[in-house]
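Residue numbers (the numbering used here): -19 to 244. Cβ coordinates follow ideal geometry from the N, Cα and C atoms, glycine included. The structure appears right after this line, and notes come after that.
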Amino acid sequence: MARTGYRVTRVLRDIRNNLVEFVRTFGAFQLFFLRLLRHSPAILGTRFGLVIKQVYNTGALSLVIIMVCGLFVGGVLALQAYSNMAVFNAEDWTGVAAHQVLVKELGPVMTAILFAARAGTALTSEIGLMKATDQLSAMEMMAVNPVRRELVPRFLGGVIAMPFLAAIFSAVGLFGAHVVGVELFQVDVGSFWQQIQLIAESEDVNEGIIKSVVFGFAASVIAVWEGYNAMPTAEGVGRATTRTVVITAISILVFDFMITAALI
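This is the structure:
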């Protein structure tokens, strides 16, 4: 009985300690996010070149994977949509189904996850390596704020790049749906695009833009946070990189649900 009571006490203590650690980490994360936002206007005004460089690193260098994945995702959507629409003799609606799913859901969500896998991991490993090699500490010794000089431009670069990447993903995805629907299944090209024009509304595009912006903030701040707080070892940087992908993917899906529920 005494041993059982000890085990229960230990479990409760571990739960309490984990809860306290979670609250502490979440609070520190919020303060870190506010620091990034506080320095962002100054960086945009005086160090815009650094931001553009990071837009290139996180956005332009991610175009290949975004376009390739968008093309095949659009093709798969067209395959599924056509097979279901054919049951109701509504093959002309293949483009509408692909458009709605791409613009409102898969475009922003897939782009954010791919961004985390490619650009987010790069940001985390870069910052983690800078910490492991004492570059950030050296900046502090020279009275240079490493958060403002190195972290904020990377954060802003990801935030700016994400909406453009999501738009490109959706556009290429629609092209992939067009290739499959029109070229493979011989759906009338006029009906394919006319149905999209009739059904598509500005609210659909706005929802996609809102999601891509929110996802951009989430993916960028998580990547920068994990790199900045990584253990200064090779193993620590590797773990931080893994956490970046996992936490970002979960956060994206949670935010996607919340935004969708709010906009319905």
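Assigned secondary structure, R128 (DSSP; H/G/I helix, E/B strand, else coil): helix
Same chain, Cβ closer than 6 Å to G156, neighbours up to 5 away in sequence not counted: L51, G54, G55
Pair within 8 Å by beta-carbon distance, I23 and R128: yes
7 Å CB neighbourhood of L109 in its chain, flanking five on each side removed: V217
A92 and M47 closer than 8 Å at C-beta: no
Contacts around W73, its chain only, beta-carbon distance under 6 Å, and the 5 residues preceding and following it disregarded: M65, Q175
Contact between the stretch 226 to 240 and the stretch 135 to 152 (3+ Cβ pairs under 8 Å): no
Run of the alpha helix (DSSP H) containing V35, from where it starts to where it stops: 28 to 38
Any alpha helix (DSSP H) of 4 or more consecutive residues that is wholly inside the stretch 121 to 180: 132 to 158, 169 to 179
Residue of R223, A242, L243 minimising C-alpha distance to T104: The candidate whose alpha carbon is nearest that of T104 is R223.
At least three beta-carbon pairs within less than 8 Å, the stretch 78 to 85 to the stretch 181 to 188: yes
Environment of M90 [buried if 16+ CB atoms lie within 10 Å]: By the neighbour-count definition (other C-beta atoms within 10 Å, threshold 16), M90 is a buried residue.
Inter-residue spacing [alpha-carbon to alpha-carbon] between V162 and N(-3): 59 Å
Spatially closest choice to F144 from V35, F28, V(-9), by CA coordinates: V35
Beta-carbon proximity check, F172 vs G87, cutoff 8 Å: no
Spatial neighbours of L116 in its chain, beta-carbon cut-off 6 Å, leaving aside the 5 residues before and after: M110, P126
Under 8 Å between C-beta atoms of G100 and V194: No.
Of the listed residues I189, L(-8), E71, A61, nearest to V83 (C-alpha basis): I189
A112 versus M122, A241, A214, residue with shortest Cα-Cα distance: A214
Close Cβ partners of F9 (< 7 Å) along its chain, the five nearest in sequence each way excluded: Close CB contacts of F9 within its chain, under the 7 Å cut and outside five residues either way in sequence, are with W205 (chain order).
DSSP state of N209 mapped onto helix, strand, coil: coil
Other residues of its chain near K191: CB distance less than 6 Å, five sequence neighbours each side excluded: P88, I239
Sub-8 Å separation of I107 and G39 beta-carbons: no
Cβ-Cβ separation, A199 to T221 (assumed contact under 8 Å), whole Å: Between A199 and T221 the Cβ distance is about 14 Å, and since that is not below 8 Å, they are no contact.
Neighbourhood of P212 by C-beta, 6 Å cutoff - its chain only, sequence neighbours within 5 removed: Taken in chain order, the residues that qualify are K111, A112.
Burial state of L69 (16 or more Cβ within 10 Å): According to the sequence shown, residue 69 is Asn rather than Leu. Classification of N69: exposed, given that the 10 Å Cβ count is below 16.
Residue span of the alpha helix (DSSP H) that contains R219, given as start and end: 214 to 243 is the span of the alpha helix (DSSP H), which, as asked, contains R219.
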